[in-house]
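A.B. asks:
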Amino acid sequence: MTYDDFAAIALALPEVEEKVGRHEIDLHRNGRHIARLRDKGTTLAIRVPWELHDELLGKEGTKFFKTDHYKRYPYVLIKVEELDDSEAKSLLSVSWTVAPLPLSLR
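All you need for the working numbering is the position in the sequence shown, starting with 1, plus 327.
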């Protein structure tokens, strides 16, 4: 998968928009962050609920990972090329759902 593939799936969801910054591209639902392209286009940071976050990171041999920057936040990181369509749709659906919730409930 490429970022363009991922963005096309995200932008097909209601209320999602893409914001291009100096170094990163963000996807938002009604101004609330759901995903970010980082590391010069090689990595996606995707917001998920803490329960799913822990589940994804706890799997042996998982392709999901974390950096110190995201340690306190409910995001998982994945290399763009390791993501397939069904995973992207599933993760974006979850992220889209939790985006409007207050931080304490995410």
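Beta carbons are placed, not taken as given, at the ideal position from N, Cα and C, and that holds for glycine.
On the DSSP letters alone, give me the boundaries of the beta strand (DSSP E) that residue 370 sits inside.
C.D. replies: It spans 370-374 - the beta strand (DSSP E) in which residue 370 sits, taken as one unbroken run.
A.B. asks: Residue 426 and residue 402 look like a contact to me (Cβ under 8 Å); what is the Cβ gap, rounded to whole Å?
C.D. replies: 12 Å between Cβ atoms; not a contact.
A.B. asks: Exposed or buried, which one is residue 391 when buried takes at least 16 other CB atoms within 10 Å?
C.D. replies: With 16 or more Cβ atoms within 10 Å of its Cβ, residue 391 is classed as buried.
A.B. asks: Which runs of the beta strand (DSSP E) fall wholly inside the region 345-390 and span at least 3 residues, in chain order?
C.D. replies: Listed in chain order, they are 352-356, 359-365, 370-374.
A.B. asks: Which of the three DSSP states is assigned to residue 417 in this structure?
C.D. replies: Residue 417: helix per DSSP, three-state reduction.
A.B. asks: Taking 7 Å as the limit between beta carbons, can you name the residues of its chain near residue 336, skipping five residues before and five after?
C.D. replies: If we look at residue 336 and ignore the five residues flanking it on each side, its Cβ neighbours are 415, 416, 419.
A.B. asks: Does residue 417 have its Cβ less than 9 Å from a Cβ in chain B?
C.D. replies: The question asks about chain B, but that chain is absent: this structure has only one protein chain.
A.B. asks: Could you pull the DSSP bridge partners for residue 403 from this structure?
C.D. replies: In the DSSP output, where bridge partners are listed per residue, residue 403 has 373.
A.B. asks: Tell me which residue opens and which closes the alpha helix (DSSP H) that residue 426 is part of.
C.D. replies: Element bounds for residue 426: n/a, residue is neither H nor E.
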